Amino acid sequence: MGFEESYIQLNGCRIRMRRGGKGQAVLYLHGANGAMQVQPFMNELAKDFDLLVPEHPGFGYSDEPDWLENIQDLAYFYLDFLKEQKLDTVHVIGSSLGGWLAMEMAIREPSRFKSLVLVGTAGVRVPNILPGDIFLWSPEQMVRNTFFDQAIAEKMLATPPTTAEEQDAQLKNRHTVAKLAWQPRLFDPFLAKWLHRIDMPVKLIWGENDKIMPPAVGRMLAELLPQASLQTYENCGHLPQVERASEFSAVVKKFIEEA
Amino acid sequence: MNVILFHLMGYADLDFEATKQYETVWVNLPNSFYDPVKGHKLYNRYLDELEYAEELGFDGVAVNEHHQTAYGLMPSPIVMASALARRTKRVKIAILGSALPLREHPMTVAEEHAMVDVISGGRLISGFVRGIGAEYHTFGINPTISHDRFHEAHDLIVQAWTKPGPFSFSGRHYNVDYVNLWPRPYQTPHPPIWVPSQGSKETIDWASHPDRRYTYLQTFSPAKTVEKYLQSYRDTAADYGYEAADSQLGWAVPIYVSDTDRQAIREAKHHFELFRNRLLKMPFEMLLPPGYTSRDSLKRVMAAKAMLSQDLTIETAIEMGMIICGSPESVRQRLEEYWKSMRFDNLLTMLHFGSLPEDLTRRNMKLFAENVLPALQSMKAGSGATAT
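Protein chains in written order, with this note's numbering: chain A, 1 to 259; chain B, 1001 to 1388.
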């Protein structure tokens, strides 16, 4: 399944987007690590959907606009993006920071979203349960703590980014994540009180061994969101879409088709 | 040259053996390792040492700010400066500095510095810093807006000191409808402002700007690095179209004097190496959170990362000019050479470091004051410690 790469100019900011497949429009919002590559689960989903994978402003090969100061700025940007792309309604899959972004968008314009899939999402805080300190971890700890399956971590550690461009993109991603999520760390204290507005079907997906976003966050969101169900994976870390690519894709496909 | 005793007030009583398993003494070293009874003695000992500096003829005393660390016990240097304001009569009192972005409201810095200036009858030197990377982890302040907050807090403080109140201040981070400082500072237009730094280009550009001409202090670094950054300040000033005065430059350096070179090294070795290899050590991610420096600076530091984290012996540190250590004659000679090549008018002497005990600290101070200080004070090229 081929993905087409294009650049989109919006609000004085040029972003890179990959788009592939046909069917209902599904917007994938990436997390802190960006979306430099098309991943196997994306290829899988593009068999049934029109999958849009933009790189957020401040990430990867997208611009870093001056106006980008917090997650709400990013939410308004993507609401404008939907309008610009003439997408009246979409399904959204958001991973981690991208899940938080999806919720910030959905409380503002709930009618545009047919469903949300939130994977190990950030955005809310369970009192006294902290996310992993991604800014204190060394690059190696970061990779190891992302996955339950250390074979995946080993493989990633064995092939670090080599080109200056890739290394710059990593520093850029990290900078933007700090800008958006350093404090309050990976959540918005004012988000939880508006979650009742997210009245579309929501699938929460979590690895039970997630060391970045504690599974307790998923359990809390399952209570706070009116139409949410939580699915967890044993022996799985922060990125089920990578560690359990085929199961993940099948579950998401079924959920979106039924939503 | 103005010679100032600069005290870091490290926790010399730390159990260095028991805390060996911790990667760093910053941010998350459990505070059960701090003993307030020992701390009580230590604070009073350190304050005595600073007061002793006035007796010995130093031009000033200096304190600094660090948080949640055994490296230094002054989360508020202003508390120390106010104690010193009452117990000294002549010396300048330098706060090097207050970490502006870490404060929720910069008006409190303007007020507290003004208080010390008034109590001391105009002896305050105000230092402004951003706080080090580790402190953005402890305080949760966003490092990506650190420069922004620093500049805006600075503007508010200087206006509060100099503009007749009440007036209003509107910014991105701070908005105050009634700026009307009581008390106003004693010195006119305001206390001198010094900027200690490890040499970031952004800081040098900002401090040397003709609107400010703030005294730039290079903190604990190899002599070659000090020379490079002081020269960079002079070059930047020249690019701005003026010649930087020597009084705009300073260097903070550990110094240890004993009877002979060998004895000095023997006495200082353990304490200095604890300072350099334990108290200063922290993981890269703690030292440089994203946005604290520009990404270009970050990449440069990453390239030199291996060298930064290496342990150093005192012998190597002496060779590199990170500490000046030896007989009175050697120390004087070394400092004269450095002064001749760098022409800094302010020398911040760190005569206590690491776990250096009281008797050695006082002897160091006395030997330095009797045998080195007078020669340094007579090296005059520019004006005094009054750059604004």
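No residue lacks a Cβ here, since even glycine has one placed at the ideal position from N, Cα and C. Treat the numbers as computed from the prediction; the structure is a model and nothing was measured.
Limits of the unbroken beta strand (DSSP E) element including residue i
| i | result |
| --- | --- |
| L29/A | 25 to 29 |
| V119/A | 113 to 119 |
| W1194/B | 1193 to 1197 |
| T232/A | 228 to 233 |
| Y1174/B | That residue, Y1174/B, is in no beta strand (DSSP E); it is neither H nor E in DSSP. |
| T1349/B | 1346 to 1350 |
| V1257/B | 1249 to 1257 |
| P54/A | 50 to 54 |
Residue-level contact to chain B via CB, residue i, 8 Å cutoff
| i | result |
| --- | --- |
| W137/A | yes |
| K211/A | no |
| Q24/A | no |
| W263/A | Beyond the ends of chain A as shown, which are 1 and 259, falls residue 263/A; an answer cannot be given. |
| G12/A | no |
| A250/A | no |
Residue i: contacting residues in chain C (beta-carbon distance under 9 Å)
| i | result |
| --- | --- |
| R1295/B | Among the protein chains of the structure shown, namely A and B, there is no chain C. |
C-beta contact flag for residue i and residue j at 8 Å
| i | j | result |
| --- | --- | --- |
| D29/A | G94/A | According to the sequence displayed, residue 29/A carries Leu and not Asp. For L29/A and G94/A, yes; Cβs fall inside 8 Å. |
| L10/A | E104/A | no |
| F1058/B | L1348/B | no |
| S1126/B | I1078/B | no |
| E1273/B | T1219/B | no |
| A1375/B | R1343/B | no |
| H1151/B | V1027/B | no |
| T176/A | G99/A | no |
| A1244/B | A1237/B | yes |
| L1181/B | A1114/B | yes |
| H1190/B | V1226/B | no |
Min CB distance residue i to chain A below 8 Å
| i | result |
| --- | --- |
| P1106/B | no |
| H1137/B | yes |
| A1385/B | Low confidence applies to A1385/B: its pLDDT is 42, below 50, so where it sits in the model is not reliable enough to give any reading. |
| L1298/B | yes |
Rounded straight-line distance, which links the Cα of residue j to that of residue i
| i | j | result |
| --- | --- | --- |
| Y1214/B | K1380/B | 19 Å |
| T146/A | D210/A | 7 Å |
| E223/A | A216/A | 11 Å |
| W206/A | H196/A | 21 Å |
| E1285/B | A1070/B | 19 Å |
| S1197/B | I1204/B | 8 Å |
| R16/A | L1249/B | 47 Å |
| Q1187/B | P65/A | 43 Å |
| G1382/B | Y1242/B | Residue placement at G1382/B is flagged as unreliable, the pLDDT there being 48, under the threshold of 50; a coordinate-derived value is accordingly withheld. |
| S1327/B | P1254/B | 14 Å |
| H1352/B | A1110/B | 29 Å |
| E165/A | S96/A | 24 Å |
| Q1377/B | Q141/A | 51 Å |
| G260/A | H56/A | Any property of residue 260/A remains undetermined from this structure, which presents chain A solely from 1 to 259. |
| I71/A | A32/A | 12 Å |
| L1184/B | V1118/B | Residue identity check: residue 1184/B is Arg in the sequence provided, not Leu. Approximately 8 Å between the Cα atoms of the pair. |
| I129/A | A122/A | 12 Å |
| L1050/B | T1361/B | 11 Å |
Enclosing alpha helix (DSSP H) for residue i [first to last residue]
| i | result |
| --- | --- |
| V200/A | The question names Val, but residue 200/A is Met in the sequence shown. First-last for M200/A: undefined, no H or E at that position. |
| H1147/B | 1146 to 1162 |
| H1137/B | 1133 to 1139 |
| F148/A | Taken as a continuous stretch (DSSP letters only), F148/A belongs to no alpha helix (DSSP H), as it is neither H nor E. |
| E84/A | 71 to 84 |
| W1412/B | What is shown of chain B runs 1001 to 1388, which leaves residue 1412/B out entirely. |
| M1320/B | 1314 to 1320 |
| P65/A | Here P65/A belongs to no alpha helix (DSSP H), and DSSP marks it neither H nor E. |
| H1270/B | 1261 to 1274 |
| H91/A | H91/A -> not in any alpha helix (DSSP H); beta strand (DSSP E) instead, spanning 90 to 95. |
Per-residue contacts from residue i into chain B (C-beta, under 7 Å)
| i | result |
| --- | --- |
| A153/A | Simply none; closest approach about 18 Å. |
Interface partners of residue i on chain B, CB under 8 Å
| i | result |
| --- | --- |
| A178/A | N1142, P1143, T1144, P1289, P1290, G1291 |
Contact set between residue i and chain A, taken where Cβ atoms lie within less than 8 Å
| i | result |
| --- | --- |
| M1286/B | L136 |
| P1283/B | L136, S138 |
Within chain A, the residues that residue i reaches when beta carbons sit closer than 9 Å
| i | result |
| --- | --- |
| L1280/B | Within 9 Å Cβ-Cβ: nothing; L1280/B doesn't reach chain A, min ~18 Å. |
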